[in-house]
Structures are given as structure tokens and as C-alpha cells.
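To start, the structure under review is shown below, and the notes come after it.
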Amino acid sequence: MNLKMESHRNLFQIVRRKSPSSWHPLIERLKRGRLPAWFLLLLFALTIRLVSISLCQLSGPDEPRVAGIAREMAVRGSYLIPRLNGEDFLEYPPLGYWPISFFLSMSPGAIDFLAFLPIALIGTGTILITFLIGKEMVGPRIGLAAGFILSTMSGFFILHRRCLVDPTLLFFITLSLFGFVKGHLAPRKNARFLALFYLAMAGGFLTKGLIGVGIPAATAVAFLTATGGLRRIGSLHLGWGILLLLLPISLWAGGVWWAKGPGPLWQVIWQSLWRFSSSAADHSQPFHFYLLPALLNLLPWTPFPLILLWMQKRPIRTEGGCPEALLVIFALSWFLSALIGLSIASAKRVLYLGPIFPPFALLSALAWDRVRERWPSVKYREAPALIVLLLIFVAIHFFQLLPMERRNSLQSVFKVVSSRFDRGSIFLYNPTEATRGAAFFYLGKTVPVLKNRERLEGFQNNPGAALVVNLFHPNVPLRQSFESMGFHILAEARVGKMRVLIFSNHS
């Protein structure tokens, strides 16, 4: 009897030692009312990201195209080659569309919010990885400051409320450089994280081409050159590292070659080289194009690296492995590699600036830490300041960005089309890429495209047919031509600078 009671007592002690509270320190802290700082960062980042996409509609020239490609992947289950309204679209490889496609597959209908949700989650992931970089190189205080700064950076806020592939590219670039930091710079080097460095570069390539490899590689080379010379490059295990980099790319390339031949692969590489080197590329701009946009997109933290420079008491030296000095050199290597590379490239758009945001947040975190050391009382104003910034971004979202985006959305156009022509034929006349993407996204099917007036004649007597026509300037003869063939205007909308007409031949 005593032995049985003793065994029960021992069993109770084992269960108590392995209680959920012991397994989950976070739950224990929640019970005591004390949250870990990284968890507060996660809550703050998720809150601001989810608020920033609430009530958003696909707008502009890019979002409907990206969402349309992603929904076509979800509907057809074809994830290897991006397709835009039934036609191959190989401006970029497919990986950037996959997260959006996954969320869109959760609903049989077209829900704009599901196209934005993965972008918000990816942005939160980028913030947490930036936190880990700062924590690994200097300490958790710098990592947390960098995470909160990145969360409230104006350019980062705007980028992650848009349905684009660029947030996924930024995620992989940041993840790759975290692998470099953890595998090469940390006191206890770990080859597994160097594998992450190369695999995440492959993810960047499969998202947006050569830029996904170029920025992490240039950052690593610049940092090694600045801190110890290229003789240290052998520590990156280039042999098996390059094999790891090429493995996912080769698997995708092999699948494309087997399905379509080598043509699509050359098109992807050509697109990357064309955007980088050709003055005739779309969005070609001069070298200095990013100067003012960079300053504006880094607000409200733009002056902080200057504060760091002003408060720097002595020159930056890496002897002795000073963590703060290494972080400054690493962040500058990243920031300058990205900014110079983007400036050299012919194609320039403000939304391409994403890769400069995390390194700038790391530099600003160091500057803020110096401010806290000089004036300790400012730490009591950090939480109120973050709340004020959150409220400012909420106001900008609801009162400035949302109204502007709804004026540039095709949602209302295709709601009219889907509600009145659910059984009739629908055609697009000389559509833009945005219209082609919006057509598949909202209608869930390939919509035939008519590229000249002669082909319209075959549809004059097609009962219940509808035409969606884009006009960038008043075109009275074209309008009269459609009306002479028995079509009348059912609806008309202005979407940005474009006028969209819906013609019908209903009697």
C-alpha cells in the first residue's frame, strides 16, 4: 500500500514538473501579466499590418495583375508558370505569387482581403527577422528598436498594404542576410544558417529574378571587404553553397523546360537583364531618381543615422569584434549595396526601394540607443510615441489612401459585369494588364481578348454579349463604331486616368 502511494506521489511530481506552464514560459508570463518584449513587437507589427489592409481594394496598374495571376494559379492548380488571363506571363518566376494564391484558394469567390492578407503576414515576418538580426549582432534591445522602427517606417507601411511580389522579395533578402549573420558573424558559427543564406537567395531569385541573388551577395562581399578582406570569403563555403543556391532554381527550371522548353527561362533572365541594363526598359529613370523618394520613404526616421554619426565619439573600428561597429558596417554594406544597385539599374520605381528599409532600421536603432543613453528619460515616452505613430498611420490609411485607391479600383466595373452577364459572353477589347488580371480575379475564368475592330464583327449577333473597353482619351469614332454594331453602353467608370466602358448587345 505504501509503495503504491509512493508511486502515485512520484507520478504526480512528474506531471507537475511537465505541466503546460513549464513547457510554455510565454503562458506563465501571461498569467503573471508580464509579456516578453518580442511578443509585444509581434502584436504591434500584426496590428499595424492588419489595420493597413482593412477594406483595401485592388488598385493601380500592378495589384490587379498580380492578384489575377495568383487566382489563376489557385483556380487551375498550375503553379509552375505564371499566367495572366490564360497567357504565359514570365516577367518574374512564380514564387512571389504562391502565398497570395494559397490564401485565395481558401474561398471560391473573389475576396480582395485574401489577396492582401499574405502580404501583411510576410511583412510581419520581415520585421521579426530584422529583430533577430539586431539581437544576434548586438542584443535584444537593438533588435526590438529595429523592429519597432521598421514597423513604423512610411515606405515599409505603404509597401506592405499592396498586393505585389516585392514584399516577398524583401522577406527572402532579409532572411538570406539573417542566415549570413547567424552562420558567419555570430560567435558560434553554424553551417546550417549558411545554408539558409543560400536557400533564401534562391527564394529571392524565384520571386523576382537576379535581384534576389544580387543584393544579399553584394552585401556579404562588401561586408567581408570592409572587415577583413576577401580572403575570408572562403569561410562562406562557396562550393556547396552555390550548389544549394542552384538546387531549387534548377528544379523549377527543369520543370519549365520539360513543360514549355527553354524559351520561358530565357525570357525570365532576359527580363531581369533588360530591366537592369537597357535605357529602353519600362520605368527607365536617371541615376539620381531615388534620392528624394528614399528620404521620404524612410520617414519619420530619416535623420536618425545622422544622429548616430554626430554622437559617434570615435571612428568605427572592428578590432576586438565590437558588436556595434560590426552592425554599423553590416547595415551600411546592405543599405549601400541595395541603393547603389537599384540606382544603377535602368528600371526604377519607388516600390523597388524595399531592400533599403531593414538596414536603415538597424542603423536607426543604434542611433536611438545612443539617444536613450544620453537622455534616459526618453525611454518613458517610447510607448506613447508608438501609439501616436499607429494612430497617424490609421488616419492616413482610412482618410487618404483608401479613398484614393478606390478611385483607381476595377472592382466596381467587374461587379457590374459579373452580376449582369453571369451567363452571357464577356470580352475584353485591347485591355491593359491590370484589366486582364482584374477580369480573371473577379470573374474566376479566362475572358477572351479582342485586339482589333474586325474581330468584333463576329460578335454583333452574339446574344447577351458584353465588351469591356479601356480608353485613355476620348475616342468618339470607336464609341460610335461599337454603337453601330448594336452595342449600347451599359455602364461607364473612370479608373484613375483610364475610362472603362461596358458595352452590351442586350435587346
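Numbered according to the numbering used here, the sequence shown spans residues 736 to 1242.
From the three backbone atoms N, C-alpha and C, an ideal C-beta is built for every residue, glycine too.
Phe1238 counts as buried, since no fewer than 16 other beta carbons sit within 10 angstroms of its beta carbon. By the neighbour-count criterion, in which a residue is buried when 16 or more other Cβ atoms sit within 10 angstroms of its Cβ, Leu1044 is exposed.
Close CB contacts of Leu1061 within its chain, under the 8 Å cut and outside five residues either way in sequence, are with Met872, Leu920, Thr962, Thr1053 (chain order). When DSSP reads this structure, Asn1205 sits in a beta bridge with Val1235. Note on Gly947: 16 or more other CB atoms within 10 angstroms of its CB, so buried under the neighbour-count rule. Per the C-alpha coordinates, the member of Pro1183, Asn1165, Pro875, Glu826 positioned closest to Pro771 is Pro875.
Considered as a whole, the region 832-902 harbours 833-839, 847-872, 875-886, 889-894 as its complete alpha helix (DSSP H) runs of no fewer than 4 residues, in chain order. Scanning its chain for C-beta atoms nearer than 7 Å, with the 5 sequence neighbours on each side dropped, one finds around Phe824 the residues Ile804, Pro817, Arg818, in chain order. Taking Leu852 as reference, the option from Pro843, Gly844, Pro1183, Leu839 with the minimal CA-CA separation is Leu839.
In the structure shown, Ser794 adopts extended strand secondary structure according to DSSP, grouped into three states.
CA-CA distance, Ser1144 to Gly1231, rounds to 8 Å. In the DSSP annotation of this structure, Arg967 is not part of any alpha helix (DSSP H), being labelled neither H nor E. Going by beta carbons, Ile950 and Ile908 fall inside the 8 Å limit. Below 8 Å, enough C-beta pairs join the region 996-1008 and the region 934-947 to call them touching: three or more. Within the DSSP secondary-structure output, Leu819 pairs in a beta bridge with Glu822. In terms of Cα proximity to Gly938, the closest of Gly914, Leu980, Ser1160, Asn925 is Leu980.
By the criterion of a C-beta distance shorter than 7 Å, Gly1076 is surrounded in its chain by Gly949, Ile950, Ala953, once the five residues flanking it on both sides are discounted.
For Tyr1087, no beta strand (DSSP E) encloses it, and the DSSP letter there is neither H nor E. Taking the C-beta atoms as reference points, Ala880 is found no nearer than 8 Å to Trp1069.
Residue state for Arg1142 is assigned as coil, using DSSP reduced to three classes.
If you look at Val948, you'll find it in the alpha helix (DSSP H) that goes 946-962. With contacts defined by Cβ atoms closer than 8 Å, Asn1032 and Val1106 do not form a contacting pair. According to the DSSP assignment, Ala1228 belongs to the beta strand (DSSP E) that extends over 1223-1230. Under the three-pair Cβ rule at 8 Å, the region 786-802 counts as touching the region 1169-1181. Between Ile868 and Leu904, the C-beta gap is not smaller than 8 Å, which leaves the two residues out of contact. Around the Cβ of Pro1111, a 10 Å sphere holds fewer than 16 other Cβ atoms; the residue is exposed. The straight-line gap separating the alpha-carbon atoms of Ser1219 and Val991 is approximately 46 Å.
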